[in-house]
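J.: Read top to bottom, the protein sequences are chains A and B.
Plus 1 on top of the position in the first sequence (first one is 1) and you've got the working numbering.
Plus 1 on top of the position in the second sequence (first one is 1) and you've got the working numbering.
Number of protein chains: 2
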Amino acid sequence: MDYTSEEREQRRSAADGKGEESTCRSPGNVILRKPYLLFLGEETNPLKAKTAFGLRDWAAESCIGQTRMPGGTIDLGLPEFDPATAAAAGVRSLVIGVTPPGGRIPPHWSRMLVAAAEAGLDIVSGLHTPLESVPGLVRATAGTGARLVDVRRPPDNLPRATGKRRSGKRVAMVGTDCALGKKYTALALARAMRGHGVDADFRATGQTGIMIAGAGIAVDAVVADFIAGAAECISPAAAADHWDVIEGQGSLFHPAYAGVTLGLLHGSQPDALVLCHDPERTHVVSWPDYPLPGLQEARDLYLRMARMTNPDARLAGVSLNTAALDEAAAQEALARAERELGVPAFDPLRTPLDRAIDAILG
Amino acid sequence: MDYTSEEREQRRSAADGKGEESTCRSPGNVILRKPYLLFLGEETNPLKAKTAFGLRDWAAESCIGQTRMPGGTIDLGLPEFDPATAAAAGVRSLVIGVTPPGGRIPPHWSRMLVAAAEAGLDIVSGLHTPLESVPGLVRATAGTGARLVDVRRPPDNLPRATGKRRSGKRVAMVGTDCALGKKYTALALARAMRGHGVDADFRATGQTGIMIAGAGIAVDAVVADFIAGAAECISPAAAADHWDVIEGQGSLFHPAYAGVTLGLLHGSQPDALVLCHDPERTHVVSWPDYPLPGLQEARDLYLRMARMTNPDARLAGVSLNTAALDEAAAQEALARAERELGVPAFDPLRTPLDRAIDAILG
């Protein structure tokens, strides 16, 4: 993640060669160093701090402190640390947990980021601004071993997919659309499976998920030829009874992103699928000409495509985002989905996951 | 194509922002300058000069001369020019038409490439070595306006797909596998359609195709989020009776590249599909665990996926690569495919295309 531009170009060029071999050394090759200090800028709007709240909720044991700029009002309920104090307390990375206007790092953040790097903290960002372009930041890492980690930048040495079956079990989140709870469902299932004594890992395919898991690849940022290869890296061979719970991306029914979804599905080779859906949504978000499919239609197409790389793929559950519904309407929607698909329906924010986990484990 | 590394990074970062707008200024944004001088290195093996032969065969009017290094024996039957003479004769670009070992530019080619750039010729390459890394080459372009064009590098300002229907007609090549004649079929159909008075253009999605057409995007090198967006750029809105004949990539049945194929299909929004197949092939090339689908299975899946962005998509023909068959066996394979699919079957190297063109035009 901290290559020079020239090295990156060389590695990208090398990876471009379909005939050349490359291998995955680890799930995603991007391993973040925990624990984290969460940087909240001068943010005042909680909606712009979703990354920070997600980290606090899903990687609580890795979040040791928070740090703000003057004017910032977001409070995660964590101790306030300056970077040097955080480093002394064992923090390894400062993670940018807010999204400023334009998704870019404002110039006045440089001093704080430089101070953190000088204190030896890795800087972890999912924003558009490449960290190495922040004035003074590269120099600040020189003596300390701190790394600059842009989590949306994929590793440069991705292999093409092999298509070969690998050991371990996998459950993939798939959806009728983007942004309807696939990441949340995967996180909740992985946590609940571990609570049931299952050896399970959440596997991240997007930037917030990567920060939570501490590893992963932003598959939508990968060069197209390597989507399925990236998915194979994200979920490597494992013990026979180990489960990877794989975050989904996009939707096979999305006119812009279905290619990402299909490559991720093929490389994941899931044994089980969980179909994620929002019962109130009628069309693809921001693409009003594209109606969402029915649940059975979605199930049939996902299974059709998944079975190409894993003939035993089956649907194990349906996750509904019922946030907009009252309790009675939510229960009715869940009952309807369960009748329609014949698998447990759940809302990870609202209902127990036990039956879904039983269905996943088969 | 001739941005600095820093500009490229900025543009890539900007394009990463799903919410940020970007537009296509032209089909692929990469417009090569014709006519060409074909550079053949010291190659002696015609199999390593497929690009040069493809250009001579499919862009004959754009190929004015050839140039070789000492020891080279490939002969395209074109006049020998040194770069300066070629420039004086009106040549605009030197195109590397051979593939040296490793797909990389050997150091001893630098002098010839530098001389061409100094003579004002663009340098066009599909090899892995970035042209700007060839010693002296960037400097050689300084005074002459020559450009360094790596055709496998996609433009950096690709938009995400809109999914909106656009004017003009499109026929897309799709296949049961990679490398079985999709580009050749598209080139032959486009030429024959023009011969029938149809306003038709070949649209390139891979590097050799781009050199032939003089424009296009290598879709397998695009960042995954922008595959369908790139396809929309490759085949922009056109006159109502204009046909784009779109080169295919990969296969929906390919365990590594199906995501590329799906994104290209969605963005192409084809009115008609031509299914390309090799009747002697039993499994995906280099992936022996993956048997090829039957023709009807392939048709059904391609139509299912194509109709998401164009509900009127239909199968118009089947192109068989019968190179390994004698005449009787080829005719039998064509008759069988035609019975199976109910559309004209042809081999662009062997049979007339008239019936297929009638079927495409509807």
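Quick reminder that beta carbons are idealized off the backbone N, C-alpha and C, glycines included.
At the 8 Å Cβ level, is D221(A) part of the contact set with chain B, yes or no?
T.: Here the question's residue 221(A) lines up with position 220 in the first sequence. For D221(A), the answer is yes, since a Cβ of chain B falls inside 8 Å of its Cβ.
J.: I97(B) touches chain A at which residues, Cβ-Cβ below 7 Å?
T.: Within the second sequence, numbered from 1, the residue matching residue 97(B) stands at position 96. In chain order: nothing, as chain A lies at least about 15 Å away.
J.: Give me, in chain order, the residues of the same chain whose beta-carbon lies closer than 6 Å to that of G121(A); leave out the 5 immediate sequence neighbours on both sides.
T.: Locating residue 121(A) in the first sequence gives position 120, where the first residue counts as 1. Closer than 6 Å at Cβ, skipping near neighbours: A88, T145, A147.
J.: Give every residue of the same chain whose Cβ lies closer than 7 Å to the Cβ of R337(B), excluding the five residues on either side of it in the sequence, and list them in chain order.
T.: Position 336 of the second sequence, counted from the start, is the residue given in the question as residue 337(B). Closer than 7 Å at Cβ, skipping near neighbours: no residue.
J.: Measure from the alpha carbon of A1(B) to the alpha carbon of each residue in V31(B), L38(B), N322(B), F347(B), then state which is nearest.
T.: Nothing about residue 1(B) can be reported from this structure: the residues present for chain B run from 2 to 363 only.
J.: One question on the structure: do F254(A) and T310(A) come within less than 8 Å of each other, judged by their Cβ atoms?
T.: Stepping through the first sequence from its first residue, residue 254(A) is reached at position 253. Stepping through the first sequence from its first residue, residue 310(A) is reached at position 309. Against a cut-off of 8 Å, the Cβ pair of T310(A) and F254(A) comes out as no contact.
J.: Just mark K165(B) as buried or exposed, buried being the case when its beta carbon has 16 or more other beta carbons within 10 Å.
T.: The sequence position of residue 165(B) within the second sequence is 164, counting from 1. That one is exposed.
J.: Cβ of H255(B) within 7 Å of any heavy atom in the ligand ADP?
T.: Among the components of this structure there are no ligands whatsoever, and the ligand ADP is therefore not found.
J.: For P160(A) and I211(A), what's the separation of their Cα atoms in angstroms?
T.: What you label residue 160(A) is simply residue 159 of the first sequence in a count that begins at 1. What you label residue 211(A) is simply residue 210 of the first sequence in a count that begins at 1. Approximately 20 Å between the Cα atoms of the pair.
J.: Examine chain A for any beta-carbon lying closer than 8 Å to the beta-carbon of D226(B), and answer yes or no.
T.: Translated into the one-based positions of the second sequence, residue 226(B) becomes position 225. At least one chain A Cβ lies under 8 Å of D226(B).
J.: Since V92(A) meets chain B, which of its residues come closer than 9 Å, beta carbon to beta carbon?
T.: Taking the first residue of the first sequence as position 1, residue 92(A) is located at position 91. By Cβ distance, chain B contributes nothing, its closest Cβ being about 27 Å from V92(A), past 9 Å.
J.: If you draw a straight line from the alpha carbon of P107(A) to that of P101(A), how long is it in whole angstroms?
T.: For this step, residue 107(A) is matched to residue 106 along the first sequence. For this step, residue 101(A) is matched to residue 100 along the first sequence. Computed Cα separation, rounded: 8 Å.
J.: Opposite Y37(B) in the DSSP bridges: which residues?
T.: As a position in the second sequence, residue 37(B) is number 36, starting the count at 1. C64(B), S94(B).
J.: So, is T206(A) buried or exposed, given that buried needs 16 or more other C-beta atoms within 10 angstroms?
T.: Working through the first sequence from its first residue, we reach residue 206(A) at position 205. Buried, by the Cβ-count rule.
J.: Output yes if chain B places a C-beta closer than 8 Å to the C-beta of M309(A); else output no.
T.: As a working note, residue 309(A) is residue 308 in the first sequence. Judged by the 8 Å Cβ criterion, M309(A) is in contact with chain B.
J.: Can you give the beta carbon distance from A273(B) to R315(B), rounded, assuming they're within the 8 Å contact cut?
T.: Walking along the second sequence from the start, residue 273(B) turns up at place 272. Walking along the second sequence from the start, residue 315(B) turns up at place 314. Indeed, because the Cβ distance is near 6 Å, the residues count as touching under 8 Å.
J.: Would H284(B) pass as an interface residue toward chain A - the criterion being a Cβ-Cβ separation below 8 Å?
T.: By 1-based counting over the second sequence, the position of residue 284(B) is 283. H284(B) does not count as touching chain A.
J.: Just to confirm before moving on: does the CB-CB distance between V261(A) and I213(A) stay below 8 Å?
T.: For the purposes of this step, residue 261(A) is taken as residue 260 along the first sequence, with counting starting at 1. For the purposes of this step, residue 213(A) is taken as residue 212 along the first sequence, with counting starting at 1. No, Cβ-Cβ distance for V261(A) and I213(A) is not below 8 Å.
J.: Can a CB atom of chain A be found closer than 8 Å to the CB of Y303(B)?
T.: One-based indexing of the second sequence puts residue 303(B) at position 302. No, Y303(B) does not count as interfacial toward chain A.
J.: Are A162(B) and P256(A) closer than 8 Å when you measure CB to CB?
T.: One-based indexing of the second sequence puts residue 162(B) at position 161. One-based indexing of the first sequence puts residue 256(A) at position 255. Going by C-beta atoms, A162(B) is nearer than 8 Å to P256(A).
J.: Under 8 Å between the Cβ atoms of I218(B) and P155(B)?
T.: Here the question's residue 218(B) lines up with position 217 in the second sequence. Here the question's residue 155(B) lines up with position 154 in the second sequence. For I218(B) and P155(B), yes; Cβs fall inside 8 Å.
J.: With a threshold of 8 Å between beta-carbons, can W288(B) be considered close to chain A, or not?
T.: Numbered from 1 along the second sequence, position 287 holds the residue referred to as residue 288(B). So yes, W288(B) belongs to the interface.
J.: Helix, strand or coil for G318(B) per DSSP?
T.: Residue mapping note: residue 318(B) aligns to position 317 of the second sequence, counting from 1. Note: G318(B) maps to strand in three-state DSSP.
J.: On a Cα-Cα basis, can you pick out the residue from R93(B), V199(B), L79(B), G268(B) that is closest to D242(B)?
T.: The residue labelled residue 242(B) in the question sits at position 241 within the second sequence. Of the candidates R93(B), V199(B), L79(B), G268(B), the one whose C-alpha sits nearest the C-alpha of D242(B) is V199(B).
J.: Looking at the secondary structure, which residues open and close the alpha helix (DSSP H) in which K183(A) lies?
T.: As a first step, residue 183(A) must be located in the first sequence, where it is residue number 182. Run containing K183(A): 183–196, per the alpha helix (DSSP H) assignment.
J.: Please report the distance separating the alpha-carbon of R308(B) from that of E298(A).
T.: Taking the first residue of the second sequence as position 1, residue 308(B) is located at position 307. Taking the first residue of the first sequence as position 1, residue 298(A) is located at position 297. Those two C-alpha atoms are separated by around 14 Å.
J.: Helix or strand or just coil, what does DSSP make of E22(B)?
T.: Taking the first residue of the second sequence as 1, we reach residue 22(B) at position 21. The pLDDT assigned to E22(B) is 38, lower than 50, so where the model puts this residue is not dependable, and the model offers no usable value.
J.: Do we get a CB-CB distance below 8 Å when we pair G176(B) with the residues of chain A?
T.: The residue labelled residue 176(B) in the question sits at position 175 within the second sequence. So no, G176(B) is outside the interface.
J.: Span of the alpha helix (DSSP H) holding V115(A)?
T.: One-based indexing of the first sequence puts residue 115(A) at position 114. Looking at the DSSP string, the run of the alpha helix (DSSP H) that includes V115(A) is 111–119.
J.: Measure the beta-carbon distance from L33(B) to A180(B) and round it to whole angstroms, keeping in mind my assumption that it falls under 8 Å.
T.: Here residue 33(B) refers to the residue found at position 32 when the second sequence is read from its first residue. Here residue 180(B) refers to the residue found at position 179 when the second sequence is read from its first residue. Wrong, their Cβ atoms sit about 24 Å apart, outside the cutoff.
J.: Within the same chain, show all residues whose beta-carbon is closer than 6 Å to that of L350(A), passing over the 5 residues directly before and after it, in chain order.
T.: Translated into the one-based positions of the first sequence, residue 350(A) becomes position 349. So the list is empty, once near-sequence residues are dropped.
J.: Just verifying my parser: in three-state terms, what is the DSSP assignment at M174(A)?
T.: Here residue 174(A) is taken as the residue at index 173 of the first sequence, counted from 1. Three-state DSSP puts M174(A) in a strand.
J.: Quick check on this structure: which residue in V224(B), L263(B), D202(B) has the alpha carbon closest to the alpha carbon of A238(B)?
T.: By 1-based counting over the second sequence, the position of residue 238(B) is 237. Nearest C-alpha to A238(B): D202(B).
J.: Any beta carbon of chain B sitting closer than 8 Å to that of A162(A)?
T.: Counting from one through the first sequence, the residue named residue 162(A) turns up at place 161. Output row for A162(A): interface = yes.
J.: Using beta-carbon positions only, say whether R300(A) and L342(A) come within less than 8 Å of one another.
T.: In the first sequence, counting from the first residue as 1, residue 300(A) sits at position 299. In the first sequence, counting from the first residue as 1, residue 342(A) sits at position 341. Yes, they are a contact pair.
J.: Taking 8 Å as the CB-CB limit, is A273(A) close to chain B?
T.: The residue given as residue 273(A) occupies position 272 in the first sequence. So, not an interface residue.
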